[in-house]
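Q:
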Amino acid sequence: MTRVRIAPSPTGAFHVGNAQSALFNWLFARKNGGKFYVRIEDTDKERSNKESEENIIKALEWLDLKPDAEFIRQSDNLPKHRKLLQDLLDSGKAFYCYHTPQELEAEQKDQELKKEAPRHICVHKKNQKKEVGGIIRLAVDSESDRVILFDDQIRGKIEFKASLLGDFSIARAVDDPLYNFAVVADDSDMEITHVIRGEDHISNTPKQILIYEALGLPIPLFAHLPLLLGSDRSKLSKRHGGTATLEYQQDYLPEALINFLGSLSYGFSKEIISKEDMIEEFDLAKVHKSGAAFDVKKLNWINSQYIKQLPAAEFKNLTGLSVSDEAVLLITERLEKLSDVQNFDYFWKEPIYEKGLLKWPPFAKASEGEKKVATLEKSIETLTEVGKIIEKFDFKDNKDMLRKLLDDFSSKIGNRGLVYWPLRVALSGKEKSPDPVDIAFVLGKEKVKVRIDNAIKKLEN
Ligand SMILES: [Zn+2]
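Going by our numbering, the first residue of the sequence shown is number 16, and it counts up by one from there.
1) Taking only the alpha-carbon atoms, compute the straight-line gap between L236 and T26 and give it to the nearest angstrom.
2) Following the continuous beta strand (DSSP E) through V19, name the residue where it begins and the one where it ends.
3) Could you please give me the residues that DSSP links to F51 through a beta bridge?
4) For ligand 1, list every residue whose C-beta falls under 6 Å from any of its heavy atoms, going in chain order.
5) Within a Cβ cutoff of 8 Å, which residues of the same chain sit near E348, ignoring the five residues on either side of it in sequence?
6) How would you label S249, buried or exposed, when you count the other beta carbons within 10 angstroms and need 16 or more for buried?
7) Using a Cβ-Cβ cutoff of less than 7 Å, which residues in the same chain neighbour R62 once the five nearest sequence positions on both sides are dropped?
8) Does the beta-carbon distance from P221 to F275 come in below 8 Å?
9) Would you grab the beta carbon distance between I395 and I467 for me? Rounded to a whole angstrom, and I think it's under 8 Å.
10) Beta-carbon separation of K46 and I294 under 8 Å?
11) Identify the residues that DSSP records as bridge partners of P437: which are they?
12) V210 bridges to which residues according to DSSP?
13) Quick one: grab the DSSP three-state call for I87.
14) Indicate the three-state DSSP secondary structure (helix, strand or coil) for H30 in the structure shown.
15) Could you work out which residue in S354, K352, A328, H114 is closest to A342 when comparing CA atoms only?
16) Are F29 and W41 close, meaning C-beta to C-beta below 8 Å?
17) For my contact list, H239 and I169 are in at a C-beta cut-off of 8 Å; report their separation, rounded to the angstrom.
18) For V53, count neighbouring C-beta atoms within 10 Å of its own C-beta (all shown protein chains included) and say buried if the count is 16 or more, exposed if not.
19) Among residues of its own chain, excluding the 5 on either side of I287, which ones have a beta-carbon nearer than 8 Å to its beta-carbon?
20) Taking Cβ positions, are V440 and L421 nearer each other than 8 Å?
21) Just the C-alpha distance for F410 and V452, rounded to the nearest angstrom, thanks.
22) If you draw a straight line from the C-alpha of T458 to the C-alpha of F362, how long is it?
23) Report the start-end ranges of each beta strand (DSSP E) in the region 109-137 that is 3 residues or longer and not cut off at the edges.
24) Starting from L391, follow the alpha helix (DSSP H) in both directions and report where the run begins and ends.
25) Going by CA-CA distance only, name the one from E158, Q117, I405, D191 that's closest to R97.
26) Determine the burial state of Q357: buried for a count of at least 16 other Cβ atoms within 10 Å of its Cβ, exposed for fewer.
27) Between D204 and R187, what straight-line distance do the alpha-carbon atoms span, to the nearest angstrom?
28) Going by CA-CA distance only, name the one from I428, A455, S157 that's closest to K414.
29) I'd like the list of long-range same chain contacts for S159, defined as Cβ closer than 8 Å, with 5 residues on each side in sequence excluded.
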């Protein structure tokens with residue numbers, strides 16, 4: 016059976032790159048009737064913390080990428096790691112390196128000067144002392160011309176020369192395994208069939224293959240996903256903006272973020288695609304090889320498409336708003352980010368007017384000529400007339416009838432802006448809003464009258 020996993024470290028917020036990795040693992044598991052697991056890599060005791068662990072769990076819950084079993088903590092596997100390490104030491108496949116950190120550092124500097132690949136070929140592997148001490152290294156045959164080759168499920172064949180690795184370190188002590196060793200031990204223990212992870216792990220893969228071989232364990236298939244990039248094509252980091260998955264919770268729907276993360280590195284047949292259709296279409300070999308830039312504009316557009324589809328009750332529940340369904344319709348047609356709902360606050364509270372904005376043309380936008388022609392008095396006069404038209408209008412009638420009355424009035428005075436602009440600002444207090452007639456119908460006649468009166472008072476002051 017197909018078994019995949021993500022293995023985040025609880026040393027900070029769950030990165031959106033991890034979320035994308037979780038998505039592709041999850042899609043692959045679903046597509047193949049397999050299982051998706053989450054292993055928390057908490058062996059770095061200094062940097063790991065409970066809060067980050069909870070952050071990972073919450074982020075996956077929010078995105079509805081829940082694992083098929085309880086979370087596994089790497090720290091729970093330490094007894095197993097110790098046993099495997101001891102087996103390797105006993106069989107001579109691993110050994111203690113007694114070189115001091117100073118000696119190793121000097122060797123590394125020397126290699127740098129000679130422009131050689133940094134590696135440590137340790138003389139101690141042939142003559143181990145009785146006592147325990149130093150870091151534990153895997154014995155790698157540096158004389159052989161062995162090429163470690165693996166068939167990456169996304170990138171194709173990748174090769175490394177074994178001799179360049181040297182006797183690399185696998186643990187600080189039997190109780191303290193290093194990253195590559197712990198990953199191999201745990202993936203093997205969980206019977207992971209496909210290791211699908213970020214391309215920054217490609218260079219770890221040959222080391223892990225040698226560890227699998229030394230332990231006599233079956234080697235899983237590997238697939239390396241492209242990284243998410245910032246707008247400058249470097250790896251997405253905090254300086255590009257939000258990288259923590261849960262930061263997106265306040266503005267985005269989880270389905271929209273999933274859709275976005277999926278389509279960033281995969282050519283799905285539709286721009287707006289459900290998880291179910293993603294599963295249907297998913298093929299690991301078709302994941303893009305090169306990284307994609309995290310384009311917030313694209314994310315906003317996708318989000319707006321999902322917001323439009325939200326049932327009114329769900330939207331109100333999500334935003335905590337108590338407005339009519341008609342208001343919800345006007346808001347969701349225009350919303351890209353959930354927090355922008357504040358731009359529509361005139362649906363639930365009285366607007367505060369700016370005198371310069373109420374007047375047509377709005378002062379800041381007017382040319383010198385317009386400022387002379389359009390007097391304050393004209394705006395007051397027209398808005399007063401508009402108020403009378405609305406006063407007489409029966410709101411049970413069709414919206415288009417009110418539009419026609421206002422259009423007729425506009426034609427009569429020969430200035431459409433002078434009719435619609437002050438009305439828009441009187442009802443919303445804002446420069447941009449849905450059609451003022453639509454707003455008027457949501458507010459109802461009484462509120463509309465009050466707002467027009469208040470706006471006129473503001474203009475008269
Ligand atoms: Zn050594």
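Cβ coordinates follow ideal geometry from the N, Cα and C atoms, glycine included.
A: On the basis of the data shown:
1) 27 Å
2) 18-21
3) V19
4) C112, H114, H135, C137, H139
5) K323, P449
6) exposed
7) T26
8) no
9) The pair is not a contact, with the Cβ atoms about 11 Å apart (cut-off 8 Å).
10) yes
11) The partner list for P437 (beta bridge, DSSP) is empty, contrary to what the question assumes.
12) F237
13) strand
14) strand
15) A328
16) no
17) 6 Å
18) buried
19) N274, I317, Q320, Y321
20) no
21) 11 Å
22) One point to set straight first is that residue 458 is Leu, not Thr, in the sequence displayed. If you take the alpha carbons of L458 and F362, they lie about 7 Å apart.
23) 109-112
24) 391-407
25) D191
26) exposed
27) 21 Å
28) A455
29) A177, S178
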